[in-house]
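Engineer: Structure incoming, see below.
There are 6 protein chains.
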Amino acid sequence: MRADGREPKQLRPIHIETDYLKHPEGSVLITVGDTKVICTASIDERVPPFMRGQGKGWITAEYSMLPRATEQRNIRESAKGKISGRTMEIQRLIGRALRAVVDLDALGERTVWLDCDVIQADGGTRTASITGAFIAMAQAMDKLYSSKKLTHYPINDFLAATSVGILKNKQAVVDLNYIEDSSAEVDMNVVMTGSGEFVELQGTGEEATFSYTQLQEMLSAAQEGISELFELQKAALGEKITEHIHSKREKLGGRA
Amino acid sequence: MRADGREPKQLRPIHIETDYLKHPEGSVLITVGDTKVICTASIDERVPPFMRGQGKGWITAEYSMLPRATEQRNIRESAKGKISGRTMEIQRLIGRALRAVVDLDALGERTVWLDCDVIQADGGTRTASITGAFIAMAQAMDKLYSSKKLTHYPINDFLAATSVGILKNKQAVVDLNYIEDSSAEVDMNVVMTGSGEFVELQGTGEEATFSYTQLQEMLSAAQEGISELFELQKAALGEKITEHIHSKREKLGGRA
Amino acid sequence: MRADGREPKQLRPIHIETDYLKHPEGSVLITVGDTKVICTASIDERVPPFMRGQGKGWITAEYSMLPRATEQRNIRESAKGKISGRTMEIQRLIGRALRAVVDLDALGERTVWLDCDVIQADGGTRTASITGAFIAMAQAMDKLYSSKKLTHYPINDFLAATSVGILKNKQAVVDLNYIEDSSAEVDMNVVMTGSGEFVELQGTGEEATFSYTQLQEMLSAAQEGISELFELQKAALGEKITEHIHSKREKLGGRA
Amino acid sequence: MRADGREPKQLRPIHIETDYLKHPEGSVLITVGDTKVICTASIDERVPPFMRGQGKGWITAEYSMLPRATEQRNIRESAKGKISGRTMEIQRLIGRALRAVVDLDALGERTVWLDCDVIQADGGTRTASITGAFIAMAQAMDKLYSSKKLTHYPINDFLAATSVGILKNKQAVVDLNYIEDSSAEVDMNVVMTGSGEFVELQGTGEEATFSYTQLQEMLSAAQEGISELFELQKAALGEKITEHIHSKREKLGGRA
Amino acid sequence: MRADGREPKQLRPIHIETDYLKHPEGSVLITVGDTKVICTASIDERVPPFMRGQGKGWITAEYSMLPRATEQRNIRESAKGKISGRTMEIQRLIGRALRAVVDLDALGERTVWLDCDVIQADGGTRTASITGAFIAMAQAMDKLYSSKKLTHYPINDFLAATSVGILKNKQAVVDLNYIEDSSAEVDMNVVMTGSGEFVELQGTGEEATFSYTQLQEMLSAAQEGISELFELQKAALGEKITEHIHSKREKLGGRA
Amino acid sequence: MRADGREPKQLRPIHIETDYLKHPEGSVLITVGDTKVICTASIDERVPPFMRGQGKGWITAEYSMLPRATEQRNIRESAKGKISGRTMEIQRLIGRALRAVVDLDALGERTVWLDCDVIQADGGTRTASITGAFIAMAQAMDKLYSSKKLTHYPINDFLAATSVGILKNKQAVVDLNYIEDSSAEVDMNVVMTGSGEFVELQGTGEEATFSYTQLQEMLSAAQEGISELFELQKAALGEKITEHIHSKREKLGGRA
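Protein chains in written order, with full-length UniProt numbering: chain U, 1 to 256; chain F, 1 to 256; chain R, 1 to 256; chain B, 1 to 256; chain Z, 1 to 256; chain G, 1 to 256.
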């Protein structure tokens with residue numbers, strides 16, 4: 001049993017509150033244990049310069065933490081005047097992950113901005129951001145589709161993420177909280193589609209290494225955890241959007 | 001009657017949720033109409049270099065908005081690499097206003113960081129930040145006092161703020177929402193103490209001017225509105241902290 | 001009597017030297033006691049992007065101090081790579097104040113840049129900047145009008161500013177020098193039009209507060225001081241420009 | 001067969017020139033196909049502030065490309081005034097990877113700076129940097145050990161890296177050149193130790209996804225390629241250093 | 001004859017106003033034709049980190065132009081957030097030139113900051129800055145010496161500078177104004193000591209080249225012009241300081 | 001005799017390797033003693049904004065050092081977020097020097113970027129950069145001319161540079177290495193054309209001064225050294241390009 005009483009393959013309690021803010025086209029407050037992230041999706045009717053004239057859309061993500069989301073107060077990146085390497089890595093990951101399930105041609109020359117702002121941090125902020133940002137994005141894109149601005153449905157599949165790791169006691173566990181994460185030997189973030197394919201796999205030995213067998217254990221734990229996340233996403237998005245995504249996936253030959 | 005049905009001197013509905021986050025020493029989610037601000041207070045056991053060795057504390061504030069707090073998405077100041085003039089003005093105002101009711105000697109060589117993060121904006125974000133930050137600060141300081149780290153109570157009086165203005169129809173109104181604010185001829189922010197003294201007065205004709213009579217009307221509306229805010233602050237902070245502040249104020253010769 | 005022998009409502013000696021530099025469309029060296037500011041007005045035949053296509057002009061101000069304008073040498077903001085909050089606040093104030101008396105439609109799609117560079121500082125640099133910048137601006141705009149580039153006179157009224165404050169001895173005084181300013185309990189900057197209307201009012205208790213009665217005393221001192229400044233502005237600008245501004249003000253229904 | 005005539009599991013020709021520069025404690029020019037990277041190791045007798053007083057060392061890496069290392073000239077990051085997200089990700093990866101095989105306690109309070117400067121780029125610059133930086137680091141650390149500044153050997157094992165991917169034709173290949181890399185569906189970087197353990201695994205579907213089977217194919221190709229790299233590292237470092245690393249690994253219980 | 005009626009070897013009218021500002025230890029307004037520069041010298045009782053503990057002093061210079069010193073308004077470097085290459089070159093030149101005539105050992109661990117702020121520009125701003133900064137520096141250092149803080153006189157010799165050039169008509173001229181400077185084929189700045197030695201020589205063909213003969217002509221014109229500048233410096237500094245510098249020079253074996 | 005056994009007027013061994021990199025239009029590795037610089041020339045089919053519409057080309061240079069090109073590791077300018085004054089001075093010098101021998105009209109609206117990256121530094125990096133950049137530029141421009149993109153040959157003459165100086169023992173020497181350079185009393189960089197004209201002359205007394213006679217000695221040493229550099233440039237560029245440059249020079253009336 002883990003420090004907080006969970007089984008190795010047990011996720012923390014998860015809560016998803018949709019339409020959390022009034023201005024954005026899509027917005028979610030996702031709570032994973034004590035980790036809380038506000039994810040918003042904003043539609044911009046332009047694409048960045050390097051994409052212009054191709055008739056395709058773009059997905060871009062930004063990630064930030066409130067200064068006191070953590071135990072110790074962090075200096076704001078705006079006050080430092082630059083974005084840290086960690087933040088850059090995370091926002092590149094979120095954007096890349098979401099692009100993997102979006103039909104950028106169907107989106108047309110539009111950018112969807114995904115803003116993930118961590119209000120409270122207790123481990124797993126990047127995977128909670130991906131899981132939450134998918135919902136905000138799906139809501140924003142559904143509005144575009146419902147208002148007939150798109151001719152094809154732009155989302156090819158569900159997408160969610162979790163962390164897995166190897167603790168000091170060599171146990172493979174899922175959804176690490178901050179205490180577990182900071183002492184784990186191996187830390188891996190896994191992003192998967194609703195069809196069970198991998199989108200991203202980022203495993204790191206923290207001044208340690210891991211074997212092929214340990215990798216297999218972690219991937220199996222991740223797969224189980226992520227399949228629960230898909231059920232929560234479907235409940236949050238409702239039947240109509242779930243249907244739309246499933247039909248699009250089937251058309252593309254994926255698993256319904 | 002105003003566009004949203006309010007009387008000229010009527011505040012919007014206000015809600016204060018204390019202990020909103022688990023890490024900070026004090027934290028509040030303050031809601032004023034559709035404006036929502038997370039205010040946190042963090043204790044730092046050091047003072048900035050220019051204050052060292054004087055045995056006194058310091059209060060400093062930072063203010064930010066989520067990119068999609070507003071109707072149009074704003075570029076993050078961290079992405080731009082610099083803080084706008086507007087943000088600087090607001091955070092200087094918040095810090096200065098709160099310092100006016102703090103006994104910096106009683107605080108000892110400590111800094112209290114007040115972070116005001118606007119989650120949703122609909123006018124009056126700077127005055128909501130001051131009113132909310134006071135509560136977060138009072139909670140954090142009360143913890144210091146209760147744990148015997150301070151020998152004197154560090155808060156001299158209550159402090160709250162509201163906006164007043166002159167609309168295009170020449171009417172003086174209190175607590176302007178975004179629509180009112182963006183078309184008002186005069187916009188004034190007023191910060192007052194529980195004893196009815198002024199701390200800050202910032203009145204600006206927006207490509208317009210105002211007379212002495214109009215100034216008097218605005219100040220009277222501000223005074224009434226702020227006295228309601230004090231009642232809400234007392235309810236949020238509870239009887240014990242309210243008592244502490246009142247006794248400190250009496251000792252200093254203020255109005256109980 | 002004040003430390004330098006002045007009466008509470010007495011301004012310091014003021015000197016205005018027009019046409020101080022050869023390149024700018026308008027330029028002034030304004031001396032208020034030991035405070036010296038070079039104010040220049042530059043006409044730019046474009047407006048910033050957010051103003052384009054509206055047929056209106058724009059006024060923008062920049063403020064800076066020579067490193068050794070002060071008792072202690074200050075690091076240049078260019079060397080630090082960023083502008084301080086104080087500088088931003090001041091330049092936003094100067095620009096906003098001057099826009100209040102300009103008919104931006106009459107100006108056409110032009111920007112007037114007002115540069116206020118403090119050569120020597122002894123308190124009141126921001127109010128001296130406003131008073132001096134008005135003169136530089138009036139000269140530059142008069143050249144535009146005289147050369148038939150404008151069909152209507154672009155200045156609606158005179159504009160000047162001074163500081164007032166409450167000293168430690170509770171006395172309300174006008175035009176504080178640096179020594180007075182740094183120990184005053186309350187510091188207020190007042191910007192008014194030639195018709196006696198307020199444009200800006202910025203009062204701040206410096207770790208102190210002020211009552212309604214003290215506010216009234218300060219405003220009365222400010223009003224008196226500013227009326228003397230208008231006489232000096234008129235003398236500096238000469239009869240023709242003074243006449244033009246007075247007629248424009250009368251047309252708008254202001255007090256001649 | 002691949003575009004350049006290689007078998008799927010065949011690396012490009014690799015050349016390692018040690019002692020490439022006269023100033024650094026270790027330096028290498030590593031050539032992998034047309035990719036050329038200068039890797040240097042510099043010993044700094046201090047650690048960063050967050051590590052002080054722990055008696056442990058630190059490894060940090062920086063990565064850069066000459067502006068014309070690529071087909072199109074890139075703007076220098078020094079001219080832009082900031083480091084791109086891609087660069088940050090790569091230099092964090094290199095540092096983290098090398099720390100996994102270093103005994104930071106044995107190193108003592110010293111920092112080893114690893115600078116990887118890409119002179120010419122044709123895919124795989126980050127994995128060539130890791131493979132080359134290991135050699136430069138081993139040489140620099142050996143000098144420390146030989147001069148009796150360290151009591152224990154500081155390197156626990158060999159470390160090398162390569163890229164693997166899935167091409168458009170679904171084939172799993174190793175060591176992708178730029179042409180292959182830019183059209184591959186999946187791109188994975190694998191860092192392994194001489195004992196066959198994983199240190200980092202970063203797999204990304206580029207607007208695509210990958211299955212568990214494809215993951216297994218890629219890992220097998222990576223393992224084979226990396227084992228060849230270890231032979232080249234041993235040849236470059238020579239028998240004495242190879243022996244030292246092998247004995248340290250055995251002491252730690254690793255595979256000799 | 002030149003466009004402004006001067007002979008080839010004739011300087012523009014020069015005016016030097018000492019004690020121009022009240023705060024700095026030394027200050028000068030130097031006017032060379034229509035070029036006006038405020039030069040101040042500030043004593044700082046510390047040296048930069050790289051100089052500490054050597055018992056020697058340091059001289060450093062900063063240079064800037066008011067935005068409207070020129071025909072067209074320039075964007076402030078503080079607003080751009082960085083200092084241009086031109087500014088850096090000039091301030092490095094000024095500092096280096098002045099260090100050549102200062103006895104840094106005699107100065108002790110102090111920094112003298114020389115700030116050269118161009119109020120109005122019409123060519124030759126860097127040479128006017130050097131000539132003026134020497135005077136401000138000499139005054140500030142004389143105060144140190146007079147107040148017995150120094151045991152040896154810190155200035156070894158006089159120092160002044162002028163520009164020379166080859167015009168389109170192949171004529172060698174001295175002290176070019178802006179019009180001459182912007183069309184000259186060759187532009188050379190010459191800094192010399194009172195003993196007739198060179199300190200700096202910076203000659204540049206502007207998309208042109210120059211022969212050895214032309215170089216000799218320019219140097220001869222520079223020498224003549226600079227000897228006039230020394231007379232003006234001596235008049236401005238007065239007999240006592242002039243005497244001090246001459247005796248120090250004689251002690252060092254220079255020409256009296 | 002000098003510390004490394006050279007005669008006063010003897011250059012260090014020089015090696016020029018052309019076509020050093022595969023991507024740039026021109027590239028050279030130039031070795032002068034232990035100083036090694038990679039110089040590349042990149043053709044950009046646009047000019048900077050201030051040159052547009054004039055039908056002329058532009059030459060611009062950038063200079064950088066690898067962090068461990070020097071004895072002590074330097075912090076990267078990209079990490080500092082700004083370019084040092086020294087770097088700016090050098091890259092402005094390189095660009096200006098090369099423009100002096102280019103027929104910008106013949107080049108058409110194109111920019112040639114010259115990147116000089118110092119791999120190893122032992123004095124004279126800026127003059128080695130100029131000498132090497134000329135070769136890279138000549139190769140790139142010859143490709144433009146050979147492919148009939150230009151109607152006139154764009155290079156007017158050869159261009160090379162060396163350093164000269166006065167050592168502590170008052171000896172005038174050429175091509176100073178780092179040890180000599182850091183203790184020299186005078187340091188001068190000389191850039192000359194193949195016809196024996198000067199392009200740049202930058203002489204600096206390092207806390208010292210120099211006489212007219214010393215200047216003549218240095219110039220004579222520079223002239224001799226540079227004439228050797230021209231022979232090496234011709235050998236590196238080959239007969240055809242040498243012929244082209246000579247004919248262009250003759251047409252312009254230069255010395256063949």
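In this text, a Cβ means the ideal position worked out from N, Cα and C, and glycines have one as well.
1. According to DSSP, is residue 176 of chain R helix, strand or coil?
2. Find the nearest neighbour of residue 194 of chain B within the set B/173, B/225, B/184 and B/177, judged by alpha-carbon distance.
3. By the DSSP assignment, the beta strand (DSSP E) with residue 202 of chain B in it spans what residues?
4. For residue 204 of chain R, which residues of its own chain have a beta-carbon under 8 Å away from its beta-carbon, when the five flanking residues on both sides are left out?
5. If we ignore side chains and look at the alpha-carbon of each, how far apart do residue 139 of chain Z and residue 182 of chain G end up?
6. Around the Cβ of residue 50 of chain G, are there at least 16 other Cβ atoms within 10 angstroms (buried) or fewer (exposed)?
7. For a test of the three-state rule: what should DSSP assign to residue 41 of chain B, helix, strand or coil?
8. Check each candidate in F/21, F/230, F/57 and F/16 and name the one with the smallest Cα separation from residue 141 of chain F.
9. According to DSSP, which residues form a beta bridge with residue 246 of chain B?
10. Mind checking which residues open and close the beta strand (DSSP E) that includes residue 62 of chain G?
11. How about residue 104 of chain G: is its C-beta nearer than 9 Å to some C-beta of chain Z?
12. Return the first residue and the last residue of the beta strand (DSSP E) that residue 185 of chain B is part of.
13. In chain order, what residues of the stretch 125-150 of chain R put their CB closer than 7 Å to some CB of chain F?
14. Run down chain Z in chain order and give the residues with a C-beta less than 9 Å from the C-beta of residue 202 of chain G.
15. Is there a Cβ of chain G sitting closer than 9 Å to that of residue 79 of chain B, yes or no?
16. Alpha helix (DSSP H) containing residue 135 of chain G: first to last residue?
17. Hey, could you find the ends of the alpha helix (DSSP H) residue 87 of chain G is sitting in?
18. Quick one: what's residue 23 of chain Z bridged to in DSSP?
19. Does the beta carbon of residue 31 of chain R come closer than 9 Å to any beta carbon on chain F?
20. Skipping 5 residues on each side, what residues in its chain have a beta carbon closer than 6 Å to that of residue 10 of chain Z?
21. How about residue 261 of chain F and residue 172 of chain F: do their beta carbons lie closer than 9 Å?
22. Around the C-beta of residue 251 of chain B, are 16 or more other C-beta atoms found within 10 angstroms, so that it is buried, or is it exposed?
23. According to the Cβ coordinates, are residue 232 of chain G and residue 38 of chain G closer than 9 Å?
24. Work out the CA separation of residue 36 of chain R and residue 93 of chain G for me, nearest whole Å.
25. Looking at residue 208 of chain U: is its Cβ nearer than 9 Å to the Cβ of residue 100 of chain B?
26. I need the DSSP call for residue 211 of chain U, collapsed to helix, strand or coil.
27. How about residue 137 of chain G and residue 26 of chain G: do their beta carbons lie closer than 9 Å?
28. Flag this pair as yes or no: are the beta carbons of residue 121 of chain G and residue 178 of chain G separated by less than 9 Å?
29. Could one say the Cβ of residue 239 of chain F lies closer than 9 Å to chain R's Cβ atoms, at least one of them?
30. If you reduce the DSSP assignment to three classes, tell me which class residue 238 of chain G lands in.
31. So, for residue 30 of chain U: in the same chain, excluding its five sequence neighbours on each side, which residues have a beta-carbon less than 7 Å away from its beta-carbon?
32. Counting only Cβ pairs nearer than 8 Å, list the residues of chain U close to residue 17 of chain F.
Structural biologist: Let's see:
1. Under the three-state reduction of DSSP, residue 176 of chain R is assigned to coil, being neither helix nor strand.
2. B/225
3. Looking at the DSSP string, the run of the beta strand (DSSP E) that includes residue 202 of chain B is 198-205.
4. 186, 187 and 188
5. Their Cα atoms are separated by approximately 32 Å.
6. Residue 50 of chain G should be labelled exposed.
7. strand
8. Cα-wise, what sits closest to residue 141 of chain F is F/57.
9. Answer is none; residue 246 of chain B lacks a bridge partner.
10. 58-65
11. yes
12. In the DSSP assignment, residue 185 of chain B falls outside any beta strand (DSSP E), carrying neither H nor E.
13. none
14. By Cβ distance, chain Z contributes 200, 201, 202, 203 and 204.
15. yes
16. Per DSSP, residue 135 of chain G belongs to the alpha helix (DSSP H) from 125-146.
17. 85-99
18. Paired residues: none, contrary to the question.
19. no
20. none
21. An answer regarding residue 261 of chain F cannot be provided, because it is not within the stretch 1 to 256 covered by chain F.
22. exposed
23. no
24. Whole-angstrom Cα-Cα distance: 39 Å.
25. Yes. Within cutoff.
26. coil
27. yes
28. yes
29. Not closer than 9 Å to any Cβ of chain R, the Cβ of residue 239 of chain F fails to qualify, so no.
30. helix
31. 16, 37, 39, 128, 131 and 132
32. Correct list: empty, because the minimum Cβ distance to chain U is about 13 Å.
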